[in-house]
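Asker: Just dropping this structure here.
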Amino acid sequence: MVRPKLSQDIGTARELGDLKENAEYHAAREQQGMVEARIRDIEGRMQNAVIIDVTTIPHTGKVIFGTTVEIANVETDESVVYQIVGEDEADIKKGKISVGSPIARALIAKEEGDVVVVKTPSGVIEYEIIEVRHI
Numbered sequence: 025m026v027r028p029k030l031s032q033d034i035g036t037a038r039e040l041g042d043l044k045e046n047a048e049y050h051a052a053r054e055q056q057g058m059v060e061a062r063i064r065d066i067e068g069r070m071q072n073a074v075i076i077d078v079t080t081i082p083h084t085g086k087v088i089f090g091t092t093v094e095i096a097n098v099e100t101d102e103s104v105v106y107q108i109v110g111e112d113e114a115d116i117k118k119g120k121i122s123v124g125s126p127i128a129r130a131l132i133a134k135e136e137g138d139v140v141v142v143k144t145p146s147g148v149i150e151y152e153i154i155e156v157r158h159i
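Residue numbers (the working numbering): 25 to 159.
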């Protein structure tokens, strides 16, 4: 829907005359370039996407891609639950963290009872793995 609107905006801007000093035309062309780049990015991701059915992965008790993990801050005893997901699915507000995030990288291949160390901008935090759940 954005592409046709941009084409229309460019056409309208062209009708205004001299393109050298036509701010509307240049703004529409710049926007068109950004939209086309985003489309190429999404198409590339779709071509390289691999669907992983986490229900087919055997439950070993270790944290892997797709698992849901409850961890507790060793110092404060505050607990939080995260699901380890792909980069494009990550949404911290929904408790979904990217497999490439510092917390997930520290948790991968660990199991219940293990303590992991996570380096954050505010310092080092230790978490104990309380529970590992597989879908």
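Here a beta-carbon is modelled for each residue, glycine too, at the ideal position from N, C-alpha and C. What you are looking at is a predicted structure, and each value in this text was computed from that prediction instead of being measured.
Suppose contacts are defined by Cβ-Cβ distances below 8 Å. Is Val123 in contact with Ala130 by that definition?
Answerer: No, they are not a contact pair.
Asker: Need the endpoints of the alpha helix (DSSP H) that Ala51 sits in, please.
Answerer: Looking at the DSSP string, the run of the alpha helix (DSSP H) that includes Ala51 is Ala47 to Asn72.
Asker: Using the C-alpha atoms, what's the distance from Lys117 back to Ile88?
Answerer: Rounded to the nearest angstrom, the two C-alpha atoms are 21 Å apart.
Asker: Output needed for Ala133: all residues of its chain with C-beta closer than 8 Å, excluding positions within five of it in sequence on either side, in chain order.
Answerer: Once the five neighbours on either side are set aside, the close Cβ partners of Ala133 are Lys86, Val87 and Ile88.
Asker: Excluding the five sequence neighbours on either side, which residues of its own chain have a C-beta within less than 6 Å of the C-beta of His83, listed in chain order?
Answerer: Once the five neighbours on either side are set aside, the close Cβ partners of His83 are His158.
Asker: What span of residues does the beta strand (DSSP E) with Ala96 cover, start to end?
Answerer: First-last of the beta strand (DSSP E) with Ala96: Thr92 to Asn97.
Asker: Using the rule of at least 16 other Cβ atoms within 10 Å of the residue's Cβ for burial, across every protein chain shown, is Thr144 buried or exposed?
Answerer: The residue in question, Thr144, is exposed, as its Cβ has fewer than 16 Cβ neighbours within 10 Å.
Asker: Suppose you measure from the CA of His50 to the CA of Gly35; what does that come to, to the nearest Å?
Answerer: Each residue's Cα considered, the two are about 12 Å apart.
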